[in-house]
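Student: Protein chains in written order, with my numbering: chain P, 5 to 483; chain D, 39 to 522.
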Amino acid sequence: MWSVLTESLTAWWPETVLASGALAVLVAGAWTRRSQPALTLAWITLAVAAVGLWRAPVTPSSGVFFGMIVCDPFAYAVRWLALGATALVLLLVMGSREVEAAIRGEYYGLLLLLSVGLMLMAEANHLLTAYLAMELVSLSSYALAGFLTDVRAAEGSLKYLLFGALASAIMLFGMSLLFGLTGTLSFPQLARSLAELPAAAQRAAIMAATFMVVGLGYKISLVPFHLWTPDVYEGAPVPVAALFSVGPKAAGLALFVRAMEALAPAGTALLPLLLTLTIVTMTLGNLLALVQTNVKRLLAYSTIGQVGYLMIGLVVHSSAGREALLVYLVAYLFMNVGAFACVTAVVNDSGSESLDAFRGLARRSPGLALCCAIFLLSLAGLPPMLGFFGKFLLFGAALQAGHSWLALAGILNSAIALYYYVNIIRQMYLLAPQHTAPVDEPLPLRLAIAVCVVATLAVGVLPGTLLQAVRAAATVHLL
Amino acid sequence: MLTALLACPLVGMLVVMVLPKTAVRAIRLAALLATGAALLLSLELLNGFGNPAILHYVERHSWIPQLNVFYFLGLDGLSLPLVLLTTLLGFLACIASWSITERHKEYFALYLLLEVGMLGTFVALDLFLFYIFWEVVLVPMYFLIGIWGGGRREYSAFKFFVYTLAGSLFMLLGILALYLRAGTFDMIGLATAGRGYELPFQQLLFVAFFLGFAIKVPIFPFHTWLPDAHVDAPTPISVLLAGVLLKMGAYGFFRIAYPIAPAGAAWFAGAMALLGMINIVYGAFVAMAQTDFKKLVAYSSVSHMGFVLLGLASMTSQGFNGALFQMIAHGLISGAMFLMVGVLYDRAHTRDLHAFGGLGAKVPVYAGLLMFFSLALLGLPGLAGFVGEFMTLAGTFGVWRWQTAVSVLGVVVTAAYTLTAVQRVLLGPLNAKWQALADINLREILTVAPLLLGTLALGVYPLALLSLQDGAVVRLLRHMAGAR
Numbered sequence: 005m006w007s008v009l010t011e012s013l014t015a016w017w018p019e020t021v022l023a024s025g026a027l028a029v030l031v032a033g034a035w036t037r038r039s040q041p042a043l044t045l046a047w048i049t050l051a052v053a054a055v056g057l058w059r060a061p062v063t064p065s066s067g068v069f070f071g072m073i074v075c076d077p078f079a080y081a082v083r084w085l086a087l088g089a090t091a092l093v094l095l096l097v098m099g100s101r102e103v104e105a106a107i108r109g110e111y112y113g114l115l116l117l118l119s120v121g122l123m124l125m126a127e128a129n130h131l132l133t134a135y136l137a138m139e140l141v142s143l144s145s146y147a148l149a150g151f152l153t154d155v156r157a158a159e160g161s162l163k164y165l166l167f168g169a170l171a172s173a174i175m176l177f178g179m180s181l182l183f184g185l186t187g188t189l190s191f192p193q194l195a196r197s198l199a200e201l202p203a204a205a206q207r208a209a210i211m212a213a214t215f216m217v218v219g220l221g222y223k224i225s226l227v228p229f230h231l232w233t234p235d236v237y238e239g240a241p242v243p244v245a246a247l248f249s250v251g252p253k254a255a256g257l258a259l260f261v262r263a264m265e266a267l268a269p270a271g272t273a274l275l276p277l278l279l280t281l282t283i284v285t286m287t288l289g290n291l292l293a294l295v296q297t298n299v300k301r302l303l304a305y306s307t308i309g310q311v312g313y314l315m316i317g318l319v320v321h322s323s324a325g326r327e328a329l330l331v332y333l334v335a336y337l338f339m340n341v342g343a344f345a346c347v348t349a350v351v352n353d354s355g356s357e358s359l360d361a362f363r364g365l366a367r368r369s370p371g372l373a374l375c376c377a378i379f380l381l382s383l384a385g386l387p388p389m390l391g392f393f394g395k396f397l398l399f400g401a402a403l404q405a406g407h408s409w410l411a412l413a414g415i416l417n418s419a420i421a422l423y424y425y426v427n428i429i430r431q432m433y434l435l436a437p438q439h440t441a442p443v444d445e446p447l448p449l450r451l452a453i454a455v456c457v458v459a460t461l462a463v464g465v466l467p468g469t470l471l472q473a474v475r476a477a478a479t480v481h482l483l
Numbered sequence: 039m040l041t042a043l044l045a046c047p048l049v050g051m052l053v054v055m056v057l058p059k060t061a062v063r064a065i066r067l068a069a070l071l072a073t074g075a076a077l078l079l080s081l082e083l084l085n086g087f088g089n090p091a092i093l094h095y096v097e098r099h100s101w102i103p104q105l106n107v108f109y110f111l112g113l114d115g116l117s118l119p120l121v122l123l124t125t126l127l128g129f130l131a132c133i134a135s136w137s138i139t140e141r142h143k144e145y146f147a148l149y150l151l152l153e154v155g156m157l158g159t160f161v162a163l164d165l166f167l168f169y170i171f172w173e174v175v176l177v178p179m180y181f182l183i184g185i186w187g188g189g190r191r192e193y194s195a196f197k198f199f200v201y202t203l204a205g206s207l208f209m210l211l212g213i214l215a216l217y218l219r220a221g222t223f224d225m226i227g228l229a230t231a232g233r234g235y236e237l238p239f240q241q242l243l244f245v246a247f248f249l250g251f252a253i254k255v256p257i258f259p260f261h262t263w264l265p266d267a268h269v270d271a272p273t274p275i276s277v278l279l280a281g282v283l284l285k286m287g288a289y290g291f292f293r294i295a296y297p298i299a300p301a302g303a304a305w306f307a308g309a310m311a312l313l314g315m316i317n318i319v320y321g322a323f324v325a326m327a328q329t330d331f332k333k334l335v336a337y338s339s340v341s342h343m344g345f346v347l348l349g350l351a352s353m354t355s356q357g358f359n360g361a362l363f364q365m366i367a368h369g370l371i372s373g374a375m376f377l378m379v380g381v382l383y384d385r386a387h388t389r390d391l392h393a394f395g396g397l398g399a400k401v402p403v404y405a406g407l408l409m410f411f412s413l414a415l416l417g418l419p420g421l422a423g424f425v426g427e428f429m430t431l432a433g434t435f436g437v438w439r440w441q442t443a444v445s446v447l448g449v450v451v452t453a454a455y456t457l458t459a460v461q462r463v464l465l466g467p468l469n470a471k472w473q474a475l476a477d478i479n480l481r482e483i484l485t486v487a488p489l490l491l492g493t494l495a496l497g498v499y500p501l502a503l504l505s506l507q508d509g510a511v512v513r514l515l516r517h518m519a520g521a522r
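1. Examine the Cβ distances between the stretch 222–236 of chain P and the stretch 275–292 of chain P and report whether three or more of them are shorter than 8 Å.
2. Whole-angstrom Cβ separation of K395 (chain P) and G385 (chain P), contact assumed at under 8 Å?
3. Between which two residues does the beta strand (DSSP E) holding V401 (chain D) run?
4. Do we get a CB-CB distance below 8 Å when we pair G250 (chain D) with the residues of chain P?
5. Using CA coordinates, which residue listed in D:V269, D:L228, D:L313, D:G509 is at the minimum distance from T388 (chain D)?
6. Would you verify that the beta carbon of L57 (chain D) is, or is not, closer than 8 Å to some beta carbon of chain P?
7. Put N106 (chain D) into one of helix, strand or coil per three-state DSSP.
8. If you measure between the beta carbons of A267 (chain D) and F198 (chain D), is that distance less than 8 Å?
9. By the 8 Å beta-carbon criterion, what residues does the stretch 197–227 of chain D contribute toward chain P?
10. Count the other CB atoms within 10 Å of the CB of G317 (chain P); is the residue buried (16 or more) or exposed (fewer)?
11. Determine, for V463 (chain P), whether the minimum Cβ-Cβ distance to residues of chain D falls below 8 Å.
12. Please tell me whether A405 (chain D) and T493 (chain D) are closer than 8 Å, where the distance is taken between their beta carbons.
13. From which residue to which residue does the alpha helix (DSSP H) around F344 (chain P) run?
14. Quick one: using the 10 Å Cβ neighbour count with 16 as the cut-off for buried, is S356 (chain P) buried or exposed?
15. Please list, in chain order, all residues of the same chain as L312 (chain D) whose beta carbon is under 7 Å from its beta carbon, the five residues on each side excluded.
16. Specify the secondary structure class of R522 (chain D) as computed by DSSP and reduced to three states.
17. In the DSSP assignment, find the unbroken alpha helix (DSSP H) run with K471 (chain D) in it and report its ends.
18. Are there 16 or more other CB atoms within 10 angstroms of the CB of D444 (chain P), so buried, or fewer, so exposed?
19. Are the CB atoms of M432 (chain P) and L390 (chain P) nearer to each other than 8 Å?
20. What does the Cβ neighbour count give for A309 (chain D), buried or exposed, with the cut at 16 atoms within 10 Å?
21. Does any C-beta atom of chain D lie closer than 8 Å to the C-beta of R363 (chain P)?
22. At a Cβ threshold of 8 Å, is Y169 (chain D) touching chain P?
23. List the DSSP bridge partners of E97 (chain D).
24. Anything in chain P within Cβ reach of P103 (chain D), meaning under 8 Å, just list it in chain order.
25. So which of P:V217, P:A91, P:Q310 has the shortest CA-CA distance to T44 (chain P)?
26. Report the CB separation of I213 (chain D) from L165 (chain D) in whole angstroms; it is logged as a contact under 8 Å.
27. Does the beta carbon of F78 (chain P) come closer than 8 Å to any beta carbon on chain D?
28. Using a Cβ-Cβ cut-off of 8 Å, state whether E97 (chain D) counts as contacting chain P.
29. Is there a C-beta anywhere in chain P that falls below 8 Å from the one on A406 (chain D)?
30. So V174 (chain D) contacts chain P; which residues on that side make the cut at Cβ distance below 8 Å?
31. Counting only Cβ pairs nearer than 8 Å, list the residues of chain P close to E192 (chain D).
32. Helix, strand or coil, according to DSSP, for N129 (chain P) in the structure here?
In structure tokens, the structure reads:
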């Protein structure tokens with residue numbers, strides 16, 4: 005008993021540090037009116053957690069916390085992603101003027117808690133852990149989304165809460181069905197019991213799996229469970245929208261992949277449905293993004309489109325697919341947070357979220373415009389940026405699995421998506437600015453943009469190391 | 039050596055990027071030095087170039103070992119002439135870029151990036167690397183047309199971007215399918231493996247590559263981006279569009295589609311001949327209907343690239359040689375024609391053919407040059423254009439008789455529209471509006487003089503170019519015959 009606990013804690017102490025740090029930050033935030041101590045504490049916590057994750061064993065010898073949690077290489081990769089996303093978003097928060105006005109110490113605490121939830125989602129090996137992790141993420145998200153005191157924030161947050169509550173109730177129902185059928189909640193045992201179910205009970209298992217898809221689909225903005233996304237992004241401060249567009253998507257997809265393994269017999273029956281949803285998601289996301297004039301809404305629909313590409317890595321159900329998924333998640337983290345960082349700078353400057361705010365940015369701040377263009381072109385999938393390499397692997401995985409239509413849909417969508425990404429570039433480079441003062445970029449924003457642009461370009465040109473690191477995570481047996 | 043060639047414009051771009059944007063002279067000088075260095079280096083390449091059938095200056099380094107991707111460069115008889123054409127036009131168009139009046143720093147940085155992409159496309163021998171260079175061309179081109187162009191520049195730039203990207207995405211699918219089957223991106227290895235594949239797979243591959251290359255060439259009915267982009271681009275960029283970018287598509291057929299999917303190519307040859315014929319005749323007739331001088335030259339490109347397609351369809355050594363020759367000849371001549379139109383437009387600010395008349399006496403030097411290049415365009419024997427067209431037609435006639443016969447009609451129409459244009463600009467009574475029109479200046483003469491010499495030299499002594507490429511053509515044909 006004691007040895008299991010010590011071993012579990014060695015594997016899990018990044019999360020332990022993060023969780024206790026988060027609580028300390030919350031207390032510190034409530035204690036003083038000033039947010040500076042809470043911010044410092046948050047950075048210290050993140051740094052210690054990063055060191056912990058660096059030192060943590062990638063594969064502990066036995067089940068962590070009696071098999072409730074699994075710390076395998078796959079989870080390890082996503083834990084780094086979650087930590088990276090949190091750190092980058094923290095920089096964005098520090099550089100955002102709209103947040104500055106309303107900032108309180110608790111804000112940072114919530115961010116850290118959310119990041120614990122993200123890591124836990126990737127590691128869940130048990131339906132109960134999965135549910136707890138998702139609720140932790142959701143509850144922190146509701147609060148973060150409604151942090152600004154205006155009507156749009158309130159609408160977004162409430163919409164988020166209502167949709168979220170419904171989705172998690174449906175998922176809970178699915179879980180209870182699974183428990184009734186198999187008598188277990190643990191992923192490995194679920195997989196074994198489901199395989200032995202009599203044929204008549206298989207249909208119930210498929211139904212339960214469908215309910216699970218609803219909950220997970222909500223988290224990753226899969227069409228038709230995406231309706232909250234644009235409103236929440238619009239209402240939330242830009243840095244928070246950045247976090248929503250990356251963190252929960254990465255963790256949600258990781259959990260989705262693992263759950264599909266656990267529900268394999270029933271999950272396989274769902275593959276045609278998921279395949280259809282994947283194509284619909286990317287197409288609808290990209291088509292709706294075409295008509296947006298608010299840059300946050302545009303990026304929300306672009307996120308939905310990107311989730312469609314990411315889903316390819318899941319539905320092909322192969323290690324090549326998981327590898328592509330992880331690479332694209334890394335690419336997506338940097339290019340999307342980078343794009344949001346540029347939006348933060350522009351919103352700081354103009355106070356407007358309209359696409360017009362980008363007009364003539366190339367003349368006002370050439371560096372910022374260039375970085376923004378690189379992020380957008382990477383999102384559009386142009387080489388030599390990292391986004392291209394990720395897409396290349398994703399489409400390759402689709403072809404390899406024999407889903408030529410899926411690859412074709414991805415290709416056509418990339419062409420559609422080009423329109424709205426290039427439209428922002430057009431605003432920046434081809435149109436004349438309304439005034440010529442350069443856009444002010446606070447130091448944290450500069451840092452975030454620099455990190456993202458270097459990663460997008462350098463890893464894009466030399467993706468070998470990333471691929472090497474990810475390959476170990478993708479080939480591992482997930483249960 | 040080839041890395042150094044690519045590095046010239048790349049280093050130039052970086053230098054331009056760090057220079058302050060008010061230092062216009064320094065920026066121009068840096069760009070000129072970079073393109074000049076690339077030109078000298080590419081001429082140097084001729085020295086060590088022996089048998090055109092084998093690869094020279096090979097560089098091969100592992101790049102992404104997990105995917106078997108290599109940084110693999112090399113030159114043979116198919117690519118060397120195009121590299122020379124690219125560096126020559128790149129240098130001349132850089133001189134012509136003096137006429138750019140705003141945002142110099144961005145312009146020259148993008149211009150040099152474009153040259154990196156174009157050169158890379160011709161020297162890459164790894165499909166992955168090839169695709170990256172191929173796409174690198176798109177982005178600077180979008181900006182160069184969109185920012186410094188005229189007319190409906192935003193529309194044209196975007197149309198160019200979307201069309202070519204859509205095409206290359208299909209090519210990407212083809213590359214992926216090929217990689218999953220063969221496990222390599224090495225074009226030489228793929229050519230060996232590819233010809234052994236069963237016909238349906240080769241057909242699929244060929245269609246995927248065809249869509250990518252056809253839009254670039256452009257082949258009817260994918261040509262509609264061309265008149266827009268060529269007309270709205272600034273003069274130096276039109277030169278590169280017509281002179282180099284169109285050749286990228288045709289080169290793709292020679293380097294990738296034909297060697298890797300020879301059976302697919304043979305299956306498609308009939309359609310290719312038909313499309314070539316349509317390009318020639320349709321392009322020529324549409325050019326005849328134009329009143330905008332630049333648009334006329336743009337459509338003449340559609341027509342002239344048709345000969346390349348016809349040569350590709352023939353699958354004979356004469357046809358292939360003719361097509362490759364035509365690519366270089368068209369690069370020189372149409373590049374020069376765009377420069378000539380640009381010279382006129384810079385002075386008159388109109389390109390309407392009906393607005394001119396009688397300029398022959400007013401600007402004699404310009405008139406002489408325009409006459410020369412127009413005659414080259416219509417295929418006067420003794421100049422480069424004739425050799426390419428004649429060889430292509432002769433090589434194709436034995437294979438695709440009536441298609442070739444109809445294509446000859448295109449040559450007649452070409453003569454008609456070219457002479458009409460020249461007549462409208464140079465002959466007749468002088469329009470009083472142009473009393474004060476200045477003749478072509480020294481800088482402009484310098485930009486077209488090398489093209490004039492090249493056109494003349496290749497027309498009189500075509501063997502100079504043919505001996506560079508023939509060995510590669512013979513090897514390609516033998517390779518393709520091995521598949522059947």
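Heads up, the beta-carbon is just placed ideally off N, CA and C, and yes, glycines get one too.
Predicted, not measured: the structure shown is a model, and the values here were computed from it.
Tutor: Here's the rundown:
1. yes
2. 4 Å
3. From DSSP, V401 (chain D) is part of no beta strand (DSSP E); its letter is neither H nor E.
4. no
5. Among D:V269, D:L228, D:L313, D:G509, the Cα nearest to that of T388 (chain D) belongs to D:V269.
6. Not closer than 8 Å to any Cβ of chain P, the Cβ of L57 (chain D) fails to qualify, so no.
7. coil
8. yes
9. F199, V200, L203, A204, L207, F208, L210, L211, L214, A215, Y217, L218
10. buried
11. no
12. With respect to T493 (chain D), A405 (chain D) sits apart: the two C-beta atoms are not nearer than 8 Å.
13. Note, F344 (chain P): alpha helix (DSSP H), 323–354.
14. exposed
15. Q441
16. Low per-residue confidence applies at R522 (chain D): pLDDT is 48, beneath 50, and the placement is therefore not dependable enough to give any value.
17. Unbroken run through K471 (chain D): none, as it is neither H nor E.
18. exposed
19. no
20. exposed
21. no
22. Yes - at least one Cβ of chain P is within 8 Å of the one on Y169 (chain D).
23. D:L111
24. G468
25. Of the listed residues, the one whose Cα sits closest to T44 (chain P) is P:A91.
26. 5 Å
27. For F78 (chain P), the nearest beta carbon of chain D is not closer than 8 Å to its own beta carbon.
28. no
29. The sequence shown places Gly at residue 406 (chain D), not Ala. No, no contact with chain P.
30. P387, P388
31. R430, L434
32. coil
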